[in-house]
Each structure stands twice: as C-alpha cells, then as structure tokens.
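Per my numbering, residue -17 is the first one in the sequence shown, and the count goes up by one each step. Right, one structure below, let's go through it.
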Amino acid sequence: MERTGPTVRFSGLLAAATAAVLAAGALVATAPAAGAADVDLARNGGFESGLDGWSCTAASGAAVSSPVHGGTKALKATPAGSDNAKCSQVITVKPNSSYTLSAWVQGSYVYLGATGTGTTDVSTWTQSSGAWKQLTTTFRTGPSTTSVSVYTHGWYGTPAHYVDDLTLVGPGGDPVVIPAVPAGLKTTALTSSSVALSWNAVSGASGYNVYRGGTKVATATGPSATVTGLTPSTAYSFQVSATNAAGESAKSAAITATTTAGGGGGGDTELPARALVGYLHSSFANGSGYTRMADVPDSWDVINLAFGEPISVTSGDIRFSLCPVAECPNVESEAEFKAAIKAKQAAGKKVLISIGGQNGQVQLASTAARDAFVTSVSKIIDTYGLDGLDIDFEGHSLSLDTGDTDFRSPTSPVIVNLISAVKSLKAKYGSDFVLTMAPETFFVQLGYQFYGSGPWGGQDPRAGAYLPVIHALRDDLTLLHVQDYNSGPIMGLDNQYHSMGGADFHIAMTDMLLAGFPVAGNTSRVFPGLRPDQVAIGLPASTQAGNGHTTPAEVNKALNCLIKKTDCGSYQTHGTWSDLRGLMTWSINWDRFNNWEFSRNFDAYFGN
C-alpha cells in the first residue's frame, strides 16, 4: 500500500493490430513434400466430432454444419470483447523434426499457428473475408520438444470466422499413455458450503477431474481443488481422475466428506457473505485527505487502520497513532476515534490494525523481535478495542534464506517468527480474532515460477515469500486479499503472462489462489487452494491510488467470471467460485476522493 499515487501505465491493441497489418506479406506458404513416414497428427481436424480434442476460449467455439469446406462440419468461432475466439490442441511430436500445419479458413483476420515448438513459434493469417482460403506454415521442433500447441483465432471485434480440415503433417511422436489413477485422495478443509481436497500427483498427468457423486464438478492443473456451492451438514462422495492428451484415467476410490453446520474455519467471525474491505489512512493524509472514522460509510465491512509501523525495521516494536493535526486538520480526538470504532462494531463492522505498508518494513529476525511484536500489537488492539490484525508486509520485510526451498516447512527466521507471532495472537484473542493479509503479487503468485533464491541461487529471495506464511496460517486466516496492482506481468495457470488493469488480471490471479499451484513448477510441492470465502480481490480505488486501476465495468467482468463463469475472456478458470468473499481496496480515503465510485459499484453489483 502506498502513501503516494504512482502514474498509471496504459497499453492497448492498436499497436498489435498495426504490426499485424504491416507484417502481412505472403499469406500462404508452399508446403514441402511430406516424407514417407509422415502422418496427419491433428485430432478431429475436420471438427466432425464437434470440439472433441479442442479447447476453445469462453463460449466462442462450436461445430456447425454450414458453411463447411469438407465433410459435414466446420468450426465456427466468434470473438467477443477481449476474447479473440482461440481454439487450440496439444499434439505429441518428435524432437528435431519438420512439420507442416495447414487449415482452410473463411473470414477476416483468421490466424493459424503453433507454439511450444522449441525453436521459433510460427503463425500465418488471412486479411480478407469471402471464400475459403488455405493457410499453411511450417516449423521444426527443438531437440527436446515432444509436444506443441496448434491454434486458430480471430481478431478482437471482428465477426465470426470458420475453420475446417486442419492438419499437422510430420513424424508421429511417441504415444502418450493414459495416466495412472490418482491415489491418496483426502479432505484438507471443510466449511458449510465447500470441501477442499488433495491427492497425490500423477506422473504424466496434465490435469485432473474432480467428481461429486459421479458427476464432474471441477478441474485442476495440480493435485488439489476446492468444491463449492454445497449444502451445510451434508455428506458428499468425491472421486478424482487424471488426464492428459491420451485421455482420462479411471476414477479414484471414493471418499466421503460432510460439510459443517455453518461458518467454517479460518476465523470467519460473522463476516457477511460478500464483504467490502478498505484501508483507512488513520495515521497520515496521503493527498486524498483525512477521513474520520465516524464518516466511513456503512458499505465497508472491514476497516483496516493504516498503519502500525515499527520503531526500527528489526525491533518488532509496533506503534500506532492518529494523524498529526498539522497534517490532518480535521482529525478527531482519541476519544472520538475510539467511540467511532465502537459504533462501527455495534453495526457489525470489523476494525483491524494493519501492520506494515510501503514505509513500514518489519523483519522479525529474532525471537526478541517476535515477542516484541506480540506485545506491542496486543497493546494496540487492546487500546482501541480492535477485532484483529491485517498483515501488509511489503518491500524487504519477508525474504527466504538460501536453502529455504520448501514452503511447507520454512526455516528463514523472519518467516518462522512471523508465523509464531500470529499464532500467539490468535491463541490470545480466540476464535473471534480476525486475520487478514494483503501481500503483493510478487510475494504470492510469482511463486508459481520462482521461489526464493532458487535451488541454485541467484534469484530474488523475496519471490513467493508470503506462501509459507499463508500456508501455515490457512486455518486461522479470515481473508487473503492480494494487491492486484503495482505489479509487473505475472504468469497464470495457463502459462501466459497477465498484466494488471483489466478483468483478465484479476481473474487469473484470483483463480491461482483458489485452484492452487505447484510452487516454482515443482509438482511435488503444490500450494493448496484456499476456500473461496477466504479470498477477496485487491484493487486501487482510483487512478491516483495505485498503478493498475481497474474500471467498474472490468471489475464486474472479473466478478462475473469468478462467481458465475461468464465474461471470462481468454482465461479459463479452474472452478466456479460462487463463495468468493468480495473486494478490498486501497483505500477508503481514495474512494471518497473519487466520489465513492468503488464502493458504490460494489453495492450495486451485490445488491447492497
């Protein structure tokens, strides 16, 4: 969280579209003659079996009977919004081999290409609509390439296009074997409306299907998933299967899990089903002006006081005081502030102390610092009668020592001591203690690619450093609201980079938290997904509040995708997260500065 508002960077599709037009050149390449051992490797390239073998974004693809180039069916794909109607297929190939990719297409700006070749990925496209045209391109695989992804897509805002008779001709790869049946299926968390599951990873599997009562209800890329939308106090039967390009394994042995009567673990503490979380600049003004506690609208369900800060980075001694009159002329008195907190709590709101922020570096490198943290934070909570703690450690507060490579058993003192300190606070204040966290994407989702300094050193030791904290405290955690702003591009579970500022970023980043992911690509070390009711999306309230502001329309698209699985664009979520808790913003002050646009949109979307 920042005390100043950085500038916002914008990007668009115009440059990409211009580059594509300038690069048109020859649209159709002359295909070399196929070798004697070459075969067509594409599965269902004529779409005679519908979309069998193909993965299409959103609801953009369908097999139709007219128009067709050959046979009785063709693919019809319709771009919509930010979805370019991409349909793709992963095909097994041989290393160091030449392949010819070809398809017949009808429509404007239809693309054909291949990725993951191990050499140079290729594509070609047609500019004009009208009659069927054949697109052809060639590529050579790299020395270790065993599969490629072939695809077609249209362009943003263009009408539907058609694809038929797609072929990939070349040497056949070694056959892919259907993966083994997953073992070790078990429950890892229960609420009144969800069951979290995990199982042993299966060699050669590219994904997993989760079944409830024999019906497929979820998919996952790693060996964990959370099934939501369940009924309290109800027994359910679950199975899981493993999948890859060859097909699907048999289902695992079934297990039974019974949902709780209500509430769920993790310090739910009577939050509403949809919660709005905001930070209140209580100790500084930050250009947005000071907002008195009594003036915070009822829209806000969780109010995080920003910030408690240490007297020195390694002391662990946290202090909090109201904004000085010189900086905030309209600041209330301590007595008025405490009375306003009590009034908010009487109305069902939660008020927390947030520790850290951009300027509040906290490194609990010693047990003395750990103990000072517990003592000083307790004093703040008791002085103001607060409901709990928000951890907003940024900058260099958390990092992993060299050799600390497993998030499940951390050894770095700053991590171990923070976990111990929070558990002590939770034990002191009991089950009603509210615990939230607001890490940056660098410390969480980046862990999908990089964790700490890496197995051989040389990486930023802060990468993914929040993961062991979240994991160790997941049973005590009320809400995780990662800051989906002030972030560079982050790779999602689709192995594509996503950039902040639009719905796509929030969809991909939130889906990672709910589906879980292998840390640093290690499938034996999978960070299990959190329950949807433990997750909120963090956004800046205005363009002044942070880099990566998202318009209300794009916020609503993200919510539609995650909660209802509509408006998803190109990213395919790994579940329908109907119990997603809500939104967090930096900050209440900046939302007031922006005429309450953020909170009003939240209220309108959820009907508050």
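Note that beta-carbon positions come from the ideal geometry of N, C-alpha and C, so glycine has one too. Given the structure is predicted, the values throughout are model-derived calculations rather than measurements.
Measure the CB-CB distance between residue i and residue j and report whether it falls below 8 Å.
i: D388; j: R507; result: yes
i: A62; j: S47; result: no
i: S105; j: L94; result: yes
i: V356; j: L371; result: no
i: L304; j: S281; result: no
i: R456; j: D515; result: no
i: A200; j: G557; result: yes
i: T173; j: S180; result: no
i: K494; j: L462; result: Lys is not the amino acid found at residue 494; the sequence shown has Met there. No. Outside cutoff.
I'd like the list of long-range same chain contacts for residue i, defined as Cβ closer than 6 Å, with 5 residues on each side in sequence excluded.
i: Q431; result: M473
i: N571; result: H263, S270, T273
i: G245; result: Residue placement at G245 is flagged as unreliable, the pLDDT there being 41, under the threshold of 50; a coordinate-derived value is accordingly withheld.
i: N26; result: D34, G35
i: K68; result: T39, Y133, H135
i: A165; result: N182
i: V426; result: Y448, V464
i: R574; result: T273
Among the options, whose alpha-carbon lies nearest the alpha-carbon of residue i?
i: A162; options: H135, V222, S176, S180; result: V222
i: P395; options: I335, G370, A351; result: A351
i: V132; options: A142, G98, L417; result: G98
i: K361; options: L541, L407, L512, G342; result: L407
i: A325; options: D442, F355, V278; result: V278
i: I397; options: Q345, D414, F355, D442; result: Q345
i: F375; options: I363, I401, D369, D386; result: I401
i: A347; options: V313, T357, D383; result: D383
i: L512; options: T208, A85, T120; result: T208
i: L57; options: V92, S180, N78, K76; result: V92
i: L475; options: T203, T134, D146, S84; result: T203
i: T225; options: A183, T197, T240; result: A183
i: A490; options: F580, P471, V404; result: P471
i: G298; options: K331, T173, S379; result: S379
i: V29; options: H463, T118, A85, D20; result: The amino acid at residue 29 is misidentified as Val; the sequence shows Phe. Checked all of H463, T118, A85, D20; the closest Cα to F29 is A85.
i: V404; options: T216, I337, V464; result: I337
i: P49; options: S37, Q88, V75, Q71; result: Q88
Considering just the uninterrupted stretch of the alpha helix (DSSP H) at residue i, what are its terminal residues?
i: L407; result: 395 to 411
i: N220; result: Looking at the sequence shown, residue 220 is not Asn but Phe. Run containing F220: none in the alpha helix (DSSP H); it sits in the beta strand (DSSP E), 217 to 226.
i: S602; result: Only positions -17 to 590 of the chain appear in this structure, which leaves residue 602 out of reach.
i: I73; result: Not the alpha helix (DSSP H): I73 falls in the beta strand (DSSP E), residues 69 to 74.
i: W572; result: 570 to 575
i: F487; result: 485 to 497
i: K539; result: 534 to 541
i: V278; result: Segment: none, V278 is in no alpha helix (DSSP H) and carries neither H nor E.
i: V451; result: 449 to 454
Could you pull out every residue in the same chain whose Cβ sits closer than 8 Å to the Cβ of residue i, ignoring the five residues on either side in sequence?
i: V501; result: F389, G429, Y430, Y433, G446, L449, R507, V508, F509
i: A16; result: Residue confidence is low: A16 scores 41 on pLDDT, short of 50, so the model does not pin down where it sits. Its coordinate-derived value is still stated next. Counting only Cβ-Cβ distances below 8 Å, and skipping sequence neighbours, we find T82, V151, G152.
Could you give the first and the last residue of the continuous beta strand (DSSP E) run that contains residue i?
i: E651; result: Nothing can be reported for residue 651, as the shown portion of the chain is limited to -17 through 590.
i: T505; result: 504 to 510
i: L431; result: Rather than Leu, the amino acid found at residue 431 in this sequence is Gln. Note, Q431: premise wrong, no beta strand (DSSP E); not H, not E.
i: F121; result: 115 to 122
i: W86; result: 80 to 88
i: K324; result: Element bounds for K324: not the beta strand (DSSP E) but the alpha helix (DSSP H), 316 to 328.
i: F355; result: Note, F355: premise wrong, no beta strand (DSSP E); alpha helix (DSSP H) at 349 to 366.
i: M419; result: 416 to 419
i: H263; result: 257 to 263
i: W107; result: 104 to 108
On the CB-based measure, 16 or more other CB atoms within 10 Å of its CB, does residue i come out buried or exposed?
i: Y467; result: buried
i: Q478; result: exposed
i: A96; result: buried
i: I285; result: buried
i: W438; result: exposed
i: G342; result: buried
i: T213; result: exposed
i: K55; result: buried
i: I293; result: exposed
i: D414; result: exposed
i: E291; result: buried
i: A232; result: exposed
i: K168; result: exposed
i: N576; result: buried
i: V21; result: exposed
i: G443; result: Reading off the sequence shown, one finds Pro at residue 443, where the question assumed Gly. Classification of P443: buried, given that the 10 Å Cβ count is 16 or more.
i: K546; result: exposed
So, for residue i: in the same chain, excluding its five sequence neighbours on each side, which residues have a beta-carbon less than 7 Å away from its beta-carbon?
i: T492; result: V517, I519, L544
i: T548; result: N542
i: F487; result: D466, H480, S481
i: L496; result: T208, G511, L512, P514, V517, G557, W559
i: S126; result: P77, G100
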